[in-house]
């Protein structure tokens, strides 16, 4: 699986962030073409700065990730996410491999 990962840091109002993410943003993410799986987690930090929420979107291959990154649906989700009141975000792709 290949992934697009988004980390959200320091929401101004965690309850409002969670409600808006759940009630509005999840549907936008699920509409992204090629999406195979979608997981959310609230990490528990052991050291350093820990994101409040991590969203992992899984795709079958790198081509599917590339298609998703160019899609109108992902653009809409990114525009919606820009309205979240968070300190910062990180967006990246990940392609797992054996060490």
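In my numbering, the protein residues as written are 18 to 116. Glycine is no exception: its CB is placed at the ideal position from the N, C-alpha and C atoms.
Quiz item: Which residue comes first and which comes last in the alpha helix (DSSP H) that contains residue 76?
Solution: Translated into the one-based positions of the chain shown, residue 76 becomes position 59. Where residue 76 is concerned, there is no enclosing alpha helix (DSSP H), although the beta strand (DSSP E) it sits in stretches over 70–76.
Self-check item: For residue 84, three-class secondary structure by DSSP
Solution: Position 67 of the chain shown, counted from the first residue, corresponds to residue 84. It is helical.
Quiz prompt | Supposed contact pair residue 27 and residue 107 - C-beta distance, whole angstroms, cut 8 Å | solution = Residue numbering aside, residue 107 sits at position 90 when the chain shown is read from its first letter. Residue numbering aside, residue 27 sits at position 10 when the chain shown is read from its first letter. Wrong, their Cβ atoms sit about 12 Å apart, outside the cutoff.
Quiz prompt | For residue 53 and residue 88, believed in contact at Cβ under 8 Å, the rounded distance | solution = Within the chain shown, numbered from 1, the residue matching residue 88 stands at position 71. Within the chain shown, numbered from 1, the residue matching residue 53 stands at position 36. Incorrect: roughly 15 Å between the Cβ atoms, too far for contact.
Quiz prompt | Extent of the continuous beta strand (DSSP E) run through residue 28 | solution = What you label residue 28 is simply residue 11 of the chain shown in a count that begins at 1. Residues 19–28.
Self-check item: Cβ pair residue 20, residue 84 closer than 8 Å
Solution: In the chain shown, the residue the question calls residue 20 occupies position 3. In the chain shown, the residue the question calls residue 84 occupies position 67. No, the pair does not count as a contact, with Cβ atoms beyond the cut-off.
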